[in-house]
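Peer 1: Can you keep this structure in mind? I'll have questions shortly.
2 protein chains.
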Amino acid sequence: MTTLSLDAATLLQHIEALGQIGADAVHGGRSRIALTDAEKLGRDQVVAWMTELDLTIQIDEIGNIFGILPDQEGNTQHNALMMGSHIDSVYNAGALDGCYGVLAGLAVTKAFRDQGILPTRPIIVAAFTNEEGVRYQPDMMGSLAHAGGLSALQVLNTIGTDGTRLGDELARIGYHGDMPLGTLKPSQYLELHIEQGPILDKEGIQIGAVANLQGISWQKIYIKGKANHAGTTPMSMRHDAGYAAASIITFLREHTQQSPGTLATVGSIQFEPNAINVIPRAATITVDLRNPDNKSLCTAEQALAEHLDTLRQSEGVTIESEVLARFDPVIFDEQLVNVVEQAANSLSIAHKRMTSGAGHDAQMIARIAPSAMIFVPSKDGISHNPREFTKDEDLIQGAKVLLATVESLLSH
Amino acid sequence: MTTLSLDAATLLQHIEALGQIGADAVHGGRSRIALTDAEKLGRDQVVAWMTELDLTIQIDEIGNIFGILPDQEGNTQHNALMMGSHIDSVYNAGALDGCYGVLAGLAVTKAFRDQGILPTRPIIVAAFTNEEGVRYQPDMMGSLAHAGGLSALQVLNTIGTDGTRLGDELARIGYHGDMPLGTLKPSQYLELHIEQGPILDKEGIQIGAVANLQGISWQKIYIKGKANHAGTTPMSMRHDAGYAAASIITFLREHTQQSPGTLATVGSIQFEPNAINVIPRAATITVDLRNPDNKSLCTAEQALAEHLDTLRQSEGVTIESEVLARFDPVIFDEQLVNVVEQAANSLSIAHKRMTSGAGHDAQMIARIAPSAMIFVPSKDGISHNPREFTKDEDLIQGAKVLLATVESLLSH
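Those protein sequence lines, which keep their order, are chains A and B.
So the first sequence is numbered by full-length UniProt numbering: it starts at 1 and just counts up by one.
So the second sequence is numbered by full-length UniProt numbering: it starts at 1 and just counts up by one.
And the structure:
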């Protein structure tokens, strides 16, 4: 089986071509938000490439796309090895996040086609619906549903930030498929992805064998105080929702200093009425907490909850918090991670075991099948940005490690 | 001279009628933003009432309106006693801020007309252009310019938040007057106003004899960090503009605890890109610092500047700060304040000396004439809000104290 070779030129060309779809000439990058016209064009392109490779194409009832290379007996489902990721994007995204994993999956099937052979087990390349969660929440929706975490009806009835119903948009773009959700249960799942963090780039290592994935806790916190005149209200008589919000941000920073491994981010904030000389009557912030260790993540959540209680007392404000997302840490399949490392070794490519800081479809599929991820470096760790960048050489090495991992898994 | 009596019913009716102009049936209150159509209607109403009182009406080249009750010799300028405030409002304002002072001034002139007598010196009722500064900055613009702090050309060439030129809007609504700016220099200035703070209401005192006015320092602070993925960027590698902004807010709170009398407010904040899972690349906040003592105000400004330096170092962010407004504290005329207190005493009305936390036209006119202010209670200190409220009884008492103060000043 070591006779397969990667068509690197085609892979790079596919990344380039898919990256042109939804390109934003004004603000840079591309915007292929899930189930928009631009994302439909991206889907059409991927399906066209699957057709060129003579894959069996299945689309499920929530729009997950599967391209299947049958095994030597024509079987398309039993004991399948799945590779995948997503092709939807955030606004003004780079060309790699998600797309790289799908297109490298296609490159693996092309290696078989180029050689004129079929695998010992079916190979499935998956492009999951709405991983980014920009328009419809939650993110990682297609893979979560595929793994049984959401029903098809829940997905289809999701109302987007623009007021649209997901099912309507899915039908509109022609990707409301016939296959029941969850039909294709793989025996293993691999996802190749850019790191979206700085570690590999900083350390000059080409491959990350991703052994686990951080737990994620997202909350929205709404603080209600009392608006009043900034010039006439004594400090002791204030109920300043803005101060309470700021206090949460600095508290979380202090907590991370006492709890190494915890990441805490407040990325979003709004004050009301947001006027220079009015004490904020309300403030809304989001909190993003992550930790590979669930106990530490729970500790951070608990510390935050206690701080909110302190603020309720000291500031005389009311505070409501809403869980937006909560995913336990995921430990990937030890054997699969070993195979990834061996594949990198066999190609003499430097690698390291690491934790995924970001959420990925693999964390959902890990609920139903042994899963692992392969990371390649992201320059300066930048992602969700037109400046997202990985060297062609690194992209090719990543795909080669994926191919070698597949070969190794199929040969056992 | 103690024969004059206030027509309280007409005063309350004028407040009610002016408050209807620009009323916002949907969001409450009224919006008479300077030089809009709604504010033109407010001006027309005030001018109509001035005409009813047979006052001499003068409008200067920046739209300040003056209604003059000549003295017994027909003199309209020499040794004049001026009362005034403004009739422009913030969005969804109460009916009292500014208007009360102008309309009580008219009530004082009405007391003379009702009695059929003329004062020993001219009485001028002023409605200054654009006190609120919502559409055109700076605030207190008309009185600042009247006192020589801005030229007519500077005022007229001011570009508003909506892109309009003030001079064009002034001409459009028909209030670009002939009188050169600064013509009517008074010998004394009195301004009756709601407190816009909680002190009188809380202490159950009907009259504030305002002895001084806090200094005001407004800054806009722009922090530039680096956007990055919330899940993959170690805490130690972040340049979090949002954290830096929050740290400024909590720092200012701590400073006020060490510096009694200092008020610090961050009323406005924006993060970019303001997304839950992206470390903010930029944050903009406004800072409102106030203190009746200029030295303490300078100390607060200096402490803030030092904290910004600390953040530049510790967070690796760039920070720019821009002065939006800076007014030194104002000490009102001791003799005038005494006369106000005596007037309250003569009417057996409870009063206290106090500091104005808010900025007022009086602080500008104090540059060119002995000035003082009279405050009445604001329920719960609420202002710039449809819920701004002062009891009719308190409004009447305030106008009576104003009238008694005027009588006392004219009798000397």
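We put the CB at the ideal spot given by N, CA and C, even for glycine.
Got a sec: is the Cβ-Cβ distance from residue 322 of chain B to anything in chain A below 8 angstroms?
Peer 2: no
Peer 1: What do you reckon, are the CB atoms on residue 373 of chain B and residue 193 of chain B nearer than 8 angstroms?
Peer 2: Yes, the pair counts as a contact, with Cβ atoms nearer than the cut-off.
Peer 1: Mark residue 356 of chain B as exposed unless 16 or more other C-beta atoms lie within 10 angstroms of its C-beta, in which case mark it buried.
Peer 2: Buried.
Peer 1: Any idea if residue 186 of chain A is buried or exposed, counting beta-carbon neighbours within 10 angstroms, 16 or more meaning buried?
Peer 2: buried
Peer 1: Please list, in chain order, the chain B residues whose beta carbon lies closer than 7 angstroms to that of residue 446 of chain A.
Peer 2: Look at the range of chain A in this structure, 1 to 412, and you will see that residue 446 of chain A is not part of it.
Peer 1: Note down, in chain order, every chain B residue with its Cβ under 7 angstroms from the Cβ of residue 230 of chain A.
Peer 2: 263, 265, 267 and 288
Peer 1: Taking 8 angstroms as the threshold, find out whether the stretch 107–120 of chain A comes into contact with the stretch 140–158 of chain A through three or more Cβ pairs.
Peer 2: no
Peer 1: Is DSSP giving residue 114 of chain A helix, strand or coil here?
Peer 2: helix
Peer 1: Using C-beta distances below 6 angstroms, list every residue in its chain close to residue 386 of chain B, excluding the 5 sequence neighbours before and after it, in chain order.
Peer 2: 28, 29 and 92
Peer 1: Can at least three beta-carbon pairs, one atom from the stretch 331–340 of chain A and one from the stretch 175–182 of chain A, be found at a separation below 8 angstroms?
Peer 2: no
Peer 1: What is the DSSP secondary structure of residue 375 of chain B, reduced to helix, strand or coil?
Peer 2: strand
Peer 1: Whose C-beta lies closer than 6 angstroms to the C-beta of residue 415 of chain A among residues of the same chain, with five residues either side of it excluded?
Peer 2: The structure shown does not extend to residue 415 of chain A, since chain A spans only 1 to 412, so no value can be given for it.
Peer 1: From the DSSP output, in three-state form, read off residue 179 of chain B for me.
Peer 2: strand
Peer 1: Specify, as a first and last residue, the run of the beta strand (DSSP E) that residue 291 of chain B falls within.
Peer 2: From DSSP, the beta strand (DSSP E) with residue 291 of chain B extends over 282–291.
Peer 1: Have a look at A:102, A:142 and A:18 and flag the residue whose alpha-carbon is nearest the alpha-carbon of residue 95 of chain A.
Peer 2: A:18
Peer 1: Which of helix, strand or coil does DSSP assign to residue 1 of chain B?
Peer 2: Unreliable positioning characterises residue 1 of chain B in this predicted model, as indicated by a pLDDT of 44, which lies under 50. A coordinate reading is not provided.
Peer 1: For the pair the stretch 292–303 of chain A and the stretch 258–271 of chain A, tell me if three or more CB-CB distances fall below 8 angstroms.
Peer 2: Yes, the stretch 292–303 of chain A touches the stretch 258–271 of chain A.
Peer 1: State the start and end residues of the unbroken beta strand (DSSP E) segment that holds residue 320 of chain A.
Peer 2: 318–327
Peer 1: Taking only beta-carbon positions, decide if residue 300 of chain A is within less than 8 angstroms of chain B.
Peer 2: no
Peer 1: Chain B beta carbons: is any one of them nearer than 8 angstroms to that of residue 274 of chain A?
Peer 2: yes
Peer 1: Among A:220, A:228 and A:369, which residue has its Cα nearest to the Cα of residue 323 of chain A?
Peer 2: A:220
Peer 1: With C-beta atoms as the reference, is residue 165 of chain B less than 8 angstroms away from residue 88 of chain B?
Peer 2: no
Peer 1: If you compare alpha carbons, which of B:54, B:162 and B:150 is closest to residue 123 of chain B?
Peer 2: B:54
Peer 1: CB-CB under 6 angstroms to residue 367 of chain B, same chain, minus the five flanking residues each way: which ones, in chain order?
Peer 2: So the qualifying residues of the chain are 147.
Peer 1: Excluding the five sequence neighbours on either side, which residues of its own chain have a C-beta within less than 8 angstroms of the C-beta of residue 201 of chain B, listed in chain order?
Peer 2: 195, 377, 378, 379, 380 and 381
Peer 1: Got a sec, what are the start and stop residues for the alpha helix (DSSP H) residue 401 of chain A sits in?
Peer 2: 392–411
Peer 1: Do residue 269 of chain B and residue 269 of chain A have their beta-carbon atoms positioned less than 8 angstroms apart in this structure?
Peer 2: yes
Peer 1: Please state the DSSP three-state secondary structure of residue 212 of chain B.
Peer 2: strand
Peer 1: Does residue 433 of chain B pass the burial test, meaning 16 or more other C-beta atoms within 10 Å, or should it be called exposed?
Peer 2: Here chain B has residues from 1 to 412 only, and residue 433 of chain B is not among them.
Peer 1: Measuring straight from C-alpha to C-alpha, what distance separates residue 204 of chain B and residue 394 of chain B?
Peer 2: 11 angstroms
Peer 1: Run through DSSP, which three-state label would residue 338 of chain A get?
Peer 2: helix
Peer 1: What does the Cβ neighbour count give for residue 1 of chain B, buried or exposed, with the cut at 16 atoms within 10 Å?
Peer 2: Since pLDDT at residue 1 of chain B reaches only 44, below the 50 mark, its modelled position is unreliable, and the value read off the structure follows with that caveat. Answer is exposed; the Cβ neighbour count stays below 16.
Peer 1: Would you call the stretch 78–86 of chain A and the stretch 401–412 of chain A in contact, with 3 or more CB pairs under 8 angstroms?
Peer 2: A contact is defined here as three or more CB-CB pairs under 8 angstroms, and the stretch 78–86 of chain A meets this definition with respect to the stretch 401–412 of chain A.
Peer 1: Any beta carbon from chain A within less than 8 angstroms of residue 377 of chain B's own beta carbon?
Peer 2: no
Peer 1: For residue 265 of chain A, which three-state DSSP category applies?
Peer 2: Residue 265 of chain A falls in the strand class under three-state DSSP.
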